[in-house]
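Residue numbers (our numbering), protein chains in the order written: chain F, 18 to 137; chain Y, 519 to 1049; chain H, 110 to 231.
Cβ atoms here follow ideal geometry from the backbone N, Cα and C, with glycine treated the same way.
Notes follow once the structure below has been shown.
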């Protein structure tokens, strides 16, 4: 946590809420929350990026090589967005839920594609 | 709500940057050096400095190359020729060894190494016996393959660090409230605030570059990092995917057995160059020289456009007739080519390359100031919390890592160049020996840094690095290279440039070491309990 | 000096002039140059901002003319970095000379770009 000493002004964060002002360490609950968010950012984010890459590659109505490249380039953008979401969300639970929702559409579409026995 | 978002991004920025900063500094330093990897390699082969004189016409160079290859590699199924550039004035040739007619029964076929020869384009002489060294390619590979581990591991580690870096940049932009107001702001001699200003400046003033280099770095290996797309669409036909990506569909032809002399290569190069409005040829690949089915693929020299998909023209080997010219690719493939090309920065234009180099240095400064700023910010909290005035293990560890990763790395880089000149010219596994020196010195510096992470150690390592770098021109002249006065006088800018940049870097590091002595009292107290 | 070199230097000069102008339009940096408590009048501030932005645009056009489309943008970004750094360091270490730097860079740019354009046209 960027715990700030109130007497050392730092113009990056002038209005720190009291929760973050405690100096000596965090409660186990807070540690767990940060851990959950980190897992969401690193692994959940990768999953979301992966599924979007695959879905775009398989489903975009372009030449195969074009679709694959488009999908993969997009995946590289999705990942950092997912990571930032994981820490911007108001709780660790919301972080994970948001990631799951964002993977829902492409995930379902991919399943449908598989189900129809078709491959792009 | 807005404040909460900014704050969470501030936290994310701090930690995503700090945790990978030590590796990232090396990636930036080695990557920035790689902009001049050919020049570095040339400097590290003083035996070749003579070839770095006046430029030679491509027609002359290719004629000499063709003669040399017909002498050395007549029976080879494929020749590779790399034409001279400003960065590397020699003609580099390589060839696939001819297949052995029979294998002893039961033995697995051995993969014979490629034959190679370096040719002076002006005289056609083989420039033999240049000392064996990885040269600038060591830094190039280091910055994404790492070392002493399989390349795949290295690429995953660097890729993860790059993704952390991308998150750090984006969260940094969000969190930097006064990005316009503070655009020009630099307040020296104010402790933590100065570090923050330096970090902001080096980050914001080259922000487009930092975003570009990080994202495009990931792009270069994106099919490894996110293989889902390729897998889903191409399944096990991935080589077909790569062929479509690279714009070459066809496989190498099979030999017909009929011997026909290879047509002179000069006119083919001239035709290609003319079709490209004068852009020079970069690489020539000859399939089955001397066979009736020989083909010659001529590609444009890297650095004239931005994209990585270089135009290729293919000629019939026996007659010299044009067979095909590469067309243009679709939007996404072309975009990827541009992004890839931006990362490589293979610009023929020296000014563009210099600008990229400066921006790369800004990136190094951004990472280093970020790391140091964290330590400086943390320090007062420790003094308040601990009665004995000493700092905790975590901060001490960060201090040591900062020292080793920044100052230690710089000493190691200088040591690499010194090893290049001081190790005997001929010895077994010479390139590995030079590299070992790099890591030994870095290891010692890092251990010393972790043991004693004090201001004094910073001074020592910065001064040592500074001295080693500043004396590089002297080292060059004393160990068989072309010294500064001569290299400048003869316009050998590759060699002279290396000497001059090393000198400047050395002076800069020495200045930093000196500056540490005159720091204000407050900073001295903050720098460490054993300062 | 070749027309290309003149164009490149002109782009630098223009960018430096532009950034010094834009920086002076800010209170904090006006004070770096003219002492505590002073600030540019509203009219002057607008002029500085306009002139500065125009100079940056001229720099972009010069880059485009010299390097063509995509490379021109890349070169411009690099030139902006160096020009901004020059302005920033001048403000910090030699605040009172900032205006002079801006004017000389701008004047040099006008001369160089003019010469480069003439060289192309004639």
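| query | result |
| --- | --- |
| How far does the beta strand (DSSP E) with residue 601 of chain Y in it extend, from its first residue to its last? | Note, residue 601 of chain Y: premise wrong, no beta strand (DSSP E); not H, not E. |
| Taking Cβ-Cβ distances shorter than 7 Å, what residues in chain F pair up with residue 854 of chain Y? | 86, 90 |
| So, is residue 796 of chain Y buried or exposed, given that buried needs 16 or more other C-beta atoms within 10 angstroms? | exposed |
| Closer than 8 Å, Cβ to any Cβ of chain H: which residues of the stretch 708 to 730 of chain Y, in chain order? | 719, 723, 724, 726, 727 |
| If you compare alpha carbons, which of Y:535, Y:601, Y:787 is closest to residue 471 of chain Y? | With chain Y covering only 519 through 1049, there is no way to say anything about residue 471 of chain Y. |
| Is the distance from the Cβ of residue 583 of chain Y to the Cβ of residue 637 of chain Y below 8 Å? | yes |
| Given that residue 851 of chain Y touches chain H, what residues does it touch there, using C-beta distances under 7 Å? | Neighbours of residue 851 of chain Y on chain H: none; closest Cβ ~16 Å, over 7 Å. |
| If the cut-off is 7 Å on Cβ atoms, which residues from the stretch 861 to 874 of chain Y count as contacting chain H, listed in chain order? | 869, 870, 873, 874 |
| How about the stretch 675 to 694 of chain Y and the stretch 581 to 595 of chain Y: do they share at least three Cβ pairs that are nearer than 8 Å? | no |
| As an exercise, report each continuous alpha helix (DSSP H) stretch of at least 4 residues that is fully enclosed by the stretch 121 to 197 of chain H, in chain order. | 136 to 143, 151 to 176 |
| Do the stretch 119 to 133 of chain H and the stretch 162 to 178 of chain H meet, that is, are 3 or more Cβ pairs less than 8 Å apart? | yes |
| Is there a Cβ of chain C sitting closer than 8 Å to that of residue 829 of chain Y, yes or no? | In summary, chain C is missing from the structure at hand, where the protein chains are F, Y and H. |
| Beta-carbon within less than 6 Å of residue 776 of chain Y's beta-carbon, same chain only, minus the 5 sequence neighbours each way: which residues are those? | 810 |
| Please report whether the beta-carbon of residue 173 of chain H lies at a distance below 8 Å from any beta-carbon of chain Y. | no |
| Alpha carbons only, please: which of H:114, H:226, H:118 is nearest the one belonging to residue 215 of chain H? | H:118 |
| I'd like to know whether the C-beta of residue 838 of chain Y is nearer than 8 Å to at least one C-beta of chain F. | no |
| So residue 635 of chain Y and residue 644 of chain Y are in contact, right, with Cβ under 8 Å, and what is the actual spacing, rounded? | 5 Å |
| Among Y:955, Y:941, Y:918, which has the Cα closest to the Cα of residue 965 of chain Y? | Y:918 |
| Please go through the same chain and pick out, in chain order, the residues whose beta-carbon is closer than 7 Å to the beta-carbon of residue 705 of chain Y, but skip the five residues on each side of it. | 711, 712, 715 |
| Any idea if residue 670 of chain Y is buried or exposed, counting beta-carbon neighbours within 10 angstroms, 16 or more meaning buried? | exposed |
| Buried or exposed: where does residue 131 of chain H fall if 16 or more other Cβ atoms within 10 Å of its Cβ makes it buried? | buried |
| Please state whether DSSP places residue 224 of chain H in a helix, a strand or coil. | helix |
| So which of Y:999, Y:577, Y:751 has the shortest CA-CA distance to residue 79 of chain F? | Y:751 |
| Under the rule that 16 or more other beta-carbon atoms within 10 Å means buried, what is residue 786 of chain Y, buried or exposed? | buried |
| By alpha-carbon positions, which one of Y:850, Y:739, Y:525, Y:544 ends up nearest to residue 878 of chain Y? | Y:544 |
| What does DSSP give as the partner residue(s) for residue 635 of chain Y in the beta ladder? | Y:611 |
| Using a threshold of 8 Å, state whether the C-beta atoms of residue 53 of chain F and residue 106 of chain F are closer than that. | no |
| Would you list, in chain order, the members of the stretch 746 to 765 of chain Y that have their beta-carbon closer than 8 Å to a beta-carbon of chain F? | 746, 747, 748, 749, 750, 751, 752, 753, 759, 762, 763 |
| State buried or exposed for residue 152 of chain H, treating a residue as buried only when at least 16 other CB atoms are found within 10 Å of its CB. | exposed |
| Give, in chain order, every residue of the stretch 880 to 910 of chain Y whose Cβ lies closer than 9 Å to some Cβ of chain H. | 880 |
| Given residue 188 of chain H, which residues of its chain have a CB within under 7 Å of its CB, disregarding the five upstream and five downstream residues? | 120, 121, 124, 168, 172 |
| Using C-beta distances below 6 Å, list every residue in its chain close to residue 824 of chain Y, excluding the 5 sequence neighbours before and after it, in chain order. | 856, 859 |
| So, at 8 Å on beta carbons, what are the nonlocal neighbours of residue 1026 of chain Y in its own chain, with the 5 sequence-adjacent residues on each side left out? | 984 |
| For residue 871 of chain Y, which residues of its own chain have a beta-carbon under 7 Å away from its beta-carbon, when the five flanking residues on both sides are left out? | 553, 863, 865 |
| If the cut is a Cβ gap below 9 Å, which residues of chain F does residue 1007 of chain Y touch? | None at all; the shortest Cβ gap to chain F is about 48 Å. |
| If the cut is a Cβ gap below 8 Å, which residues of chain Y does residue 97 of chain F touch? | 681, 684, 685, 688 |
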